[in-house]
Amino acid sequence: MVLTGNTKLPKDTINYLKKNRGSIKKVLVVGGENAISPLVYHNIEEINKTGEIQTFPPKDVSVFKNNKYVMALRNTKLSGKITVPAGKVAKVLTIAGETIELEYNGAKGLAVVEDYGKNTIQNKNTKVPYISQVEPLYAPVGCEPVSLLMGLKGKGYAKNVTTKQFLDNLPKHPSNPRKGYVGSPYKPSETLRTTINPEPLAKYGAQYGDVVNLEGKSMDDIIMELDNGNPVVVYVTLYWEKAYYRDFVIEGKTESWLRNNHALLLTGYNKNTKEFYVSDPYNRKKGSKKTYPNYEYTKSRSIVEPLYNIRKFAVGVR
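In this text, residue positions in the sequence shown follow our numbering: the first is 17, and each later residue adds one.
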């Protein structure tokens, strides 16, 4: 058994292997899975056979140092097992010499340096079928599940599921949105906090497709999802107005919750204009019973991000 670094052999290890080469029948290299570079394994074999060690010029890792998110230039794998298709974007986690750890779709692994470049996506918008929460089905407080259903259908899931079926089968809880939908999506309430938090909503959505809880993610992480063609439900405020709060009783305890909650679907982002593409299920005009036909529009990041950051509630469809 030898001691080694993850990318190169220490001098004392090299000297030991050279001195004893030929008499060594087996070398056990101990390290985490995929933590030891192929060059290290190769050099251990070469020293034992020939007494020589192979060296390569350092790889160019500048793209990882200069960008928080990188694009796969070809179909590749993280740690040899996590598939990253060409053109998809991954997040840079750590850089240690030539060892690069990335995250893609929630999975983490080591990257092949040459397989990645700068994210060149500037304007991405994933089309989804528009669904209103007020007509023909009237669900004035059903924004979260209706937004999610748009995202599911846009990704090819829940093709034969109606809006009413999707709302009627929501997980429910008498008072705690952290555990299920509270109240009825068809009826506003002054005493119940009629909403559902990302965790139970994502768990419910996963019955229909690849749905993930993105609660706590940064806005840049949300944009990465959009760049990868994944629509994201985000929790903001109705009509993008200033947030205000009131007290609600949650499982017997009084808590302050955002009162003018609203969830909608982000379908893309334009980096040139710094605007999000929005599919908003609440298509009723403010102060009127009139509605917009399809309430799809763009909204500046300078407006979206501060309201999103209040809670960082989000659910993605992959």
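Even for Gly, the Cβ is constructed at its ideal location relative to N, Cα and C. On a predicted model such as this, the values are computed, not experimentally measured, just so you know.
Mark residue i as exposed unless 16 or more other C-beta atoms lie within 10 angstroms of its C-beta, in which case mark it buried.
i	result
Arg-209	buried
Lys-301	exposed
Ile-98	buried
Asn-213	buried
Thr-142	buried
Lys-233	buried
Ile-239	buried
Tyr-251	buried
Asp-243	buried
Val-228	buried
Pro-201	buried
Ile-326	exposed
Ala-88	buried
Ser-39	exposed
Lys-169	buried
Asn-176	exposed
Tyr-313	exposed
Lys-35	exposed
Lys-104	buried
Bridge partners for residue i per DSSP, in chain order?
i	result
Ala-123	Tyr-120
Gln-263	One point to set straight first is that residue 263 is Asp, not Gln, in the sequence displayed. Asp-263 pairs with Ser-272.
Arg-300	Thr-307
Ile-111	Ile-116
Glu-312	Ser-295
Tyr-197	Lys-188
Tyr-220	According to DSSP, which records beta bridges pairwise, Tyr-220 is partnered with nothing at all.
Ala-330	Val-250
Lys-93	Thr-99
Leu-282	Val-248, Val-294
Arg-166	Reading the sequence as shown, one finds Met at residue 166 and not Arg. According to DSSP, which records beta bridges pairwise, Met-166 is partnered with nothing at all.
Lys-75	DSSP output for Lys-75 lists no bridge partner at all.
Please list, in chain order, all residues of the same chain as residue i whose beta carbon is under 6 Å from its beta carbon, the five residues on each side excluded.
i	result
Val-162	Ile-147, Gln-149, Pro-297
Glu-49	Confidence is the limiting factor: at Glu-49 the pLDDT is only 48, short of 50, which leaves the residue's position unreliable, though a coordinate-based value still follows. Nothing listed; no residue qualifies.
Tyr-285	Ile-239, Leu-242, Phe-292
Asn-310	Tyr-146
Thr-137	The question names Thr, yet the displayed sequence has Ile at residue 137. Excluding residues within five positions, the ones whose Cβ falls inside 6 Å are Asp-243.
Asp-28	none
Roughly how far, in whole angstroms, is the beta-carbon of residue i from the beta-carbon of residue j, given that I think they are within contact range, below 8 Å?
i	j	result
Val-108	Val-86	6 Å
Ile-319	Trp-273	So it is not a contact: roughly 22 Å between Cβ atoms.
Lys-171	Gly-221	That pair is no contact at about 11 Å.
Asn-83	Lys-134	6 Å
Glu-231	Ala-330	6 Å
Asn-192	Val-333	With 8 Å as the limit, Asn-192 and Val-333 do not qualify as a contact, their Cβ atoms being about 25 Å apart.
Tyr-154	Met-235	The pair is not a contact, with the Cβ atoms about 32 Å apart (cut-off 8 Å).
Phe-292	Lys-315	5 Å
Asn-185	Asn-288	No, Asn-185 and Asn-288 are not in contact; Cβ-Cβ is about 41 Å, not under 8 Å.
Pro-204	Pro-152	Rounded, the Cβ-Cβ distance is 19 Å, inconsistent with contact.
Please list, in chain order, all residues of the same chain as residue i whose beta carbon is under 8 Å from its beta carbon, the five residues on each side excluded.
i	result
Leu-94	Val-100, Ala-106, Leu-118, Tyr-120, Ala-123, Lys-124, Gly-125, Leu-126, Ala-127
Tyr-81	The sequence shown places Lys at residue 81, not Tyr. Within the same chain, Lys-81 has close Cβ partners Ile-111.
Pro-188	In the sequence on display, residue 188 carries Lys and not Pro. So the list reads Gly-196, Tyr-197, Val-198, once near-sequence residues are dropped.
Thr-270	Asp-263, Phe-264
Ala-174	Leu-165, Leu-168, Phe-182, Tyr-224, Gly-225
Val-79	Val-86, Tyr-132, Gly-133, Lys-134
Output needed for residue i: all residues of its chain with C-beta closer than 7 Å, excluding positions within five of it in sequence on either side, in chain order.
i	result
Val-77	Ile-111, Glu-114, Ile-116, Val-129
Pro-74	Glu-114
Val-144	Met-166, Gly-167, Lys-169, Gly-170, Pro-247, Leu-281, Thr-283, Ser-295
Glu-267	Ser-191, Asn-192
Asn-276	Thr-253, Leu-254, Glu-257, Ala-259, Tyr-260
Thr-211	Glu-160, Pro-193, Val-198, Asn-277
Val-249	Glu-160, Ser-163, Leu-164, Gly-167, Ala-279, Leu-281, Ala-330, Val-331
Within 8 Å of any Cβ in chain B, is that where the Cβ of residue i sits?
i	result
Arg-262	Among the chains of the structure shown, chain B does not appear; only one protein chain is present.
| Meets three-Cβ-pair contact criterion under 8 Å: the region 172-183 and the region 109-125 | The region 172-183 makes no contact with the region 109-125; the number of CB pairs closer than 8 Å stays below 3.
| query | If you pair each beta-carbon of the region 150-169 with each one of the region 212-226, do three or more pairs fall below 8 Å? | reply | Counting C-beta pairs closer than 8 Å gives three or more between the region 150-169 and the region 212-226, which meets the contact rule.
| task | Say whether the region 194-208 touches the region 271-282, bearing in mind that this needs 3 or more beta-carbon pairs closer than 8 Å, one atom from each stretch. | result | Output reads no: the region 271-282 does not touch the region 194-208.
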